[in-house]
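What follows is a set of notes on a single structure, which appears directly below.
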Amino acid sequence: MSELKKSIGPWSMIALGAAGVIGSSWLYLGSVFFTNFGAGGTILGMALGTLLAFSVAKAYSELASRFPRAGGEIVYAYVAGGRALSFTVGWLLIGAYGGMVAFYVTAAGRLLTTMWPSLEAMPLYSIGGETIYAPVLAIGIGLTLLVLAMNWYGISIGAMVQLVLFIVMLILAVVVSAVGFGAGNIDNVLPAFDPDLNAIASPPLTVIAFLLPAFAFLAGFGVVAVLAEEANAPAKLLGKIVGWSVLLAGGFYVVVLTATAFVIPWRETAGLKNGTIEAFEVAGFPTIALLAFIIGVLGIITTFIAVFAASSRLMLALARVKLLPPFFGKVHEQTGVPRNALLFTTAIGLGLGWLGPGALTWLLNVGGVYIGVVWAITVWCFYRVRKTHRDVEAPYRVRFVWVPAFGALAGLAVVLGGLVPGLPLSLAWPYEYVILILWTLLGLALYWLSPRTGTREEHLNSLLGDNTAH
0 MSELKKSIGP
10 WSMIALGAAG
20 VIGSSWLYLG
30 SVFFTNFGAG
40 GTILGMALGT
50 LLAFSVAKAY
60 SELASRFPRA
70 GGEIVYAYVA
80 GGRALSFTVG
90 WLLIGAYGGM
100 VAFYVTAAGR
110 LLTTMWPSLE
120 AMPLYSIGGE
130 TIYAPVLAIG
140 IGLTLLVLAM
150 NWYGISIGAM
160 VQLVLFIVML
170 ILAVVVSAVG
180 FGAGNIDNVL
190 PAFDPDLNAI
200 ASPPLTVIAF
210 LLPAFAFLAG
220 FGVVAVLAEE
230 ANAPAKLLGK
240 IVGWSVLLAG
250 GFYVVVLTAT
260 AFVIPWRETA
270 GLKNGTIEAF
280 EVAGFPTIAL
290 LAFIIGVLGI
300 ITTFIAVFAA
310 SSRLMLALAR
320 VKLLPPFFGK
330 VHEQTGVPRN
340 ALLFTTAIGL
350 GLGWLGPGAL
360 TWLLNVGGVY
370 IGVVWAITVW
380 CFYRVRKTHR
390 DVEAPYRVRF
400 VWVPAFGALA
410 GLAVVLGGLV
420 PGLPLSLAWP
430 YEYVILILWT
440 LLGLALYWLS
450 PRTGTREEHL
460 NSLLGDNTAH
């Protein structure tokens, strides 16, 4: 059986988890958030969302410490529920992560246009209301190939780059926040809600409504579980890293968004176009605005690195149990890297990236539903494994067993928020519902066509390796 090399240190794993969560769109979407939810709804909703996501992460923490193997949720689902459940989880995650990879192909160049509008030259075509420009697409293709190169000779290179970029992001965030709090005033924040401006009049409901976008911005912590096989860290520490990643990312969001509300009146920010970036510029701090912009650029790169690596490991895990062709399960002997899966991930990014952010936003929104389903299934797996493995002590054990149940409710809220028509964050008709249906049908077809070879015991041995207590 081909094994991956343990080449990711604890600090790099924290960076992959936390910086893999922190993207860029939240920086310039601050204006939209303040308009729809107010400063109070945005900040308190993000804080509450972080706590709920952390409760999901507690289930991941114990499971990752029990089964530190590539594929994360795929492994847990196979152990707890079997072949069909494992494929369901894997297929949903590939859909979610694949959509992210494709989105970031053009997101980087698009973000750069906010500072350098001249990049919007040589228009190629328009899809989903967005014009795709040649320079923007070229930047995305170059970034994709660069991330592939980082992973080609071993994930340790990408992991080290991730750690360095995450440290830079933290330093810049401290500077931006210090200026926001130091130059701003609490009077700019209060009152934190405005029924006349916000989409929802009731402050408590506004906070609850923001949970859905909050979950979307916190969804990437599962990368730690997916890459667990390559973690050069004790299993107990690995379990802790999952939770730390959520708290670091959520705290990062809350602090910077609060500083944004401090620096100028939040209602003024609501009337701007580019959220945090523009708020500091209006406040008279163009250098700080540039630093916020750099955080956004680095956020795209770090998320891209994490999701790119995780996507290939998901394919590897499914191939190990014959749910994808063996092609995806081959690991390069010298580098310990699933190169075929990396190439296919690159093909997904470049193949769909040309659609541009307008159309790819549909994939991201549907991906939020996929993630919600996976959260709920993983929490169920946590309770199931607790029952079936009661005689095997987990290296990291959740003290309060009821906590992950709140995470399951959070996952179901994401699903209902996307599927039920008429809610503020319902999927866009008809495109996003069509994507959801087509991806489901394609998954059913692939599952039906997949060979029924090997026994459950053989598949578990392939998935778990030396973790034979299954």
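If you read the sequence shown in numbering that gives the first Met the number 0, its first letter stands for residue 0, the second for the next number, and so on. Even for Gly, the Cβ is constructed at its ideal location relative to N, Cα and C. Computed from a prediction, not measured in an experiment: that's the story for all the values here.
Name the residue from 134, 79, 70, 21 whose alpha carbon lies nearest to the alpha carbon of residue 389.
-> Within the sequence shown, the letter at position 390 stands for residue 389. Ranked by how close their Cα comes to the Cα of residue 389, the residues 134, 79, 70, 21 have 79 in first place.
By the 10 Å Cβ neighbour count, where 16 or more other Cβ atoms means buried, how is residue 270 classified, buried or exposed?
-> Along the sequence shown, one-based indexing puts residue 270 at 271. Exposed, by the Cβ-count rule.
Helix, strand or coil for residue 431, going by three-state DSSP, please let me know.
-> Looking up residue 431 in the sequence shown gives position 432. It is helical.
At least 3 beta-carbon pairs within less than 8 Å: the region 90–100 vs the region 362–372 = yes
Among 165, 439, 149, which one has its Cα closest to the Cα of residue 10?
-> The count along the sequence shown starts at 1 and reaches residue 10 at position 11. Nearest C-alpha to residue 10: 165.
Which whole runs of the alpha helix (DSSP H) in the region 171–256 are 4 residues long or more, in chain order?
-> 202–208, 210–216, 221–225
Cα-Cα separation between residue 229 and residue 324, rounded to whole angstroms | Position 230 of the sequence shown, counted from the first residue, corresponds to residue 229. Position 325 of the sequence shown, counted from the first residue, corresponds to residue 324. The straight-line gap from Cα to Cα measures roughly 22 Å.
Mark residue 124 as exposed unless 16 or more other C-beta atoms lie within 10 angstroms of its C-beta, in which case mark it buried.
-> Here residue 124 is taken as the residue at index 125 of the sequence shown, counted from 1. Using a 10 angstroms sphere on the CB of residue 124, the tally of other CB atoms stays under 16, which defines it as exposed.
DSSP state of residue 267, grouped into three classes?
-> Residue mapping note: residue 267 aligns to position 268 of the sequence shown, counting from 1. In this structure, residue 267 counts as helix in the three-state DSSP scheme.
Is it right to say residue 374 is buried, meaning 16 or more other beta carbons lie within 10 angstroms of its own, or is it exposed?
-> Position 375 of the sequence shown holds residue 374. Flag for residue 374 reads buried.
Which word fits residue 333, buried or exposed, when buried means at least 16 other C-beta atoms lie within 10 angstroms of its C-beta?
-> For the purposes of this step, residue 333 is taken as residue 334 along the sequence shown, with counting starting at 1. Exposed, because fewer than 16 other Cβ atoms sit within 10 Å of the Cβ of residue 333.
Burial state of residue 187 (16 or more Cβ within 10 Å) | Here the question's residue 187 lines up with position 188 in the sequence shown. The residue is buried, with at least 16 neighbouring Cβ atoms inside 10 Å.
Chain-order list of residues whose beta-carbon lies under 8 Å from that of residue 139 (same chain, five-residue window excluded) | Your numbering for residue 139 matches position 140 in the sequence shown. Within the same chain, residue 139 has close Cβ partners 103, 104, 105, 106, 107, 108, 352.
Answer yes or no: do residue 182 and residue 262 have a C-beta to C-beta separation smaller than 9 Å?
-> Along the sequence shown, read from residue 1 onward, the residue named residue 182 stands at position 183. Along the sequence shown, read from residue 1 onward, the residue named residue 262 stands at position 263. For residue 182 and residue 262, yes; Cβs fall inside 9 Å.
When you compare each of 7, 5, 15 to residue 301 by their alpha carbons, which one comes out closest?
-> In the sequence shown, counting from the first residue as 1, residue 301 sits at position 302. Out of 7, 5, 15, 15 has the C-alpha closest to the C-alpha of residue 301.
List the residues that DSSP assigns as beta-bridge partners of residue 7.
-> Here residue 7 corresponds to residue number 8 of the sequence shown, with the count starting at 1. Partner(s): 230.
Tell me, to the nearest whole angstrom, how far the beta carbon of residue 308 is from that of residue 154; I am working on the premise that it is less than 8 Å.
-> On the sequence shown, position 309 is the one that residue 308 refers to. On the sequence shown, position 155 is the one that residue 154 refers to. Right, the Cβ-Cβ distance comes to about 6 Å (below 8 Å), so this counts as a contact.
Using 10 angstroms around the beta-carbon of residue 237, count the other beta-carbons present and answer buried if the total reaches 16, otherwise exposed.
-> As a working mapping, residue 237 is identified with position 238 in the sequence shown. Burial call: buried.
Alpha carbon to alpha carbon, how far is residue 213 from residue 461? Give it in angstroms, no decimals.
-> Taking the sequence shown and counting its residues from 1, the one referred to as residue 461 is at position 462. Taking the sequence shown and counting its residues from 1, the one referred to as residue 213 is at position 214. Approximately 36 Å between the Cα atoms of the pair.
What is the DSSP secondary structure of residue 72, counted as helix, strand or coil?
-> Position 73 of the sequence shown, counted from the start, is the residue given in the question as residue 72. In this structure, residue 72 counts as helix in the three-state DSSP scheme.
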